[in-house]
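In what follows, a structure is listed as structure tokens, so that the remarks can point back to it.
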Amino acid sequence: MNIQADVALIAACQQGDTRAIRETFEMYKDRVYALCRHMAGNAEDAEDLTQEVFVSAFQHLNNFRAESAFGTWLYRIATNHCLNRLRKKRPEIHSFDAMAEVDIAPPAPGPSPEDMVVRKEMNRRMELAVAALPENLRAVFVLGTLEGMRYKEISEICECSEEAVKMRIHRARKQVRDKLKNYLEA
3 MNIQADVALI AACQQGDTRA IRETFEMYKD RVYALCRHMA GNAEDAEDLT
53 QEVFVSAFQH LNNFRAESAF GTWLYRIATN HCLNRLRKKR PEIHSFDAMA
103 EVDIAPPAPG PSPEDMVVRK EMNRRMELAV AALPENLRAV FVLGTLEGMR
153 YKEISEICEC SEEAVKMRIH RARKQVRDKL KNYLEA
């Protein structure tokens, strides 16, 4: 969606148009949930965070200045909510027992039982590796690598330069790769 369409839709939301609010929610809910899921590491927290993000965004719609796309503004709110939750739960974030049940993606239909076990273990290890990243690296890794956002968009969300985003993504990928190295070589 372009900025002009965002502005029109958000203007309708600001006027209390329930159709526009519903349309905005439907348009962004899956991507916000995915971001929260990757950042939080579990579905329950991701659901809570997604609700918090939309409540906060709709309460603060008057702060949207249309200097960037609405999605960018919304993802900044989501990223900040996730980082705040991580800071509050810091002792639990690196708990491997809590992360062991996390599955990044559902298995593809029809794989063999062995393939399913390997995939589940790889997802578990990937989730643990992402959870072990420092917060600033985790945010850019999730936005760039898992959500597929462009550096420019990530720099707006994280409020840092594109060069900083590139450097952080590079560091995060290296750390994840290092954590997965033994498993991948086996």
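My numbering numbers the first residue of the sequence shown as 3 and each following residue consecutively. Backbone N, C-alpha and C fix where the C-beta goes; we use that ideal spot for every residue, glycine too.
In this chain, the alpha helix (DSSP H) harbouring HIS83 covers 72-90. The straight-line gap separating the alpha-carbon atoms of GLU69 and GLU158 is approximately 10 angstroms.
In the displayed model, HIS62 falls within coil according to three-state DSSP, outside both helix and strand. By the criterion of a C-beta distance shorter than 6 angstroms, HIS83 is surrounded in its chain by LEU51, GLU54, VAL55, once the five residues flanking it on both sides are discounted. In the structure shown, LEU182 adopts helical secondary structure according to DSSP, grouped into three states. Closest by C-alpha distance to LEU88, out of SER58, ARG175, LEU148, ALA134, is ALA134.
A Cβ-Cβ distance of about 15 angstroms is found for the pair ILE79 and ALA48, leaving them out of contact under the 8 angstroms criterion. When secondary structure is reduced to three states using DSSP, MET118 falls in the helix class.
Across the structure, ARG140 and THR26 are spaced so that their CA atoms are roughly 27 angstroms apart.
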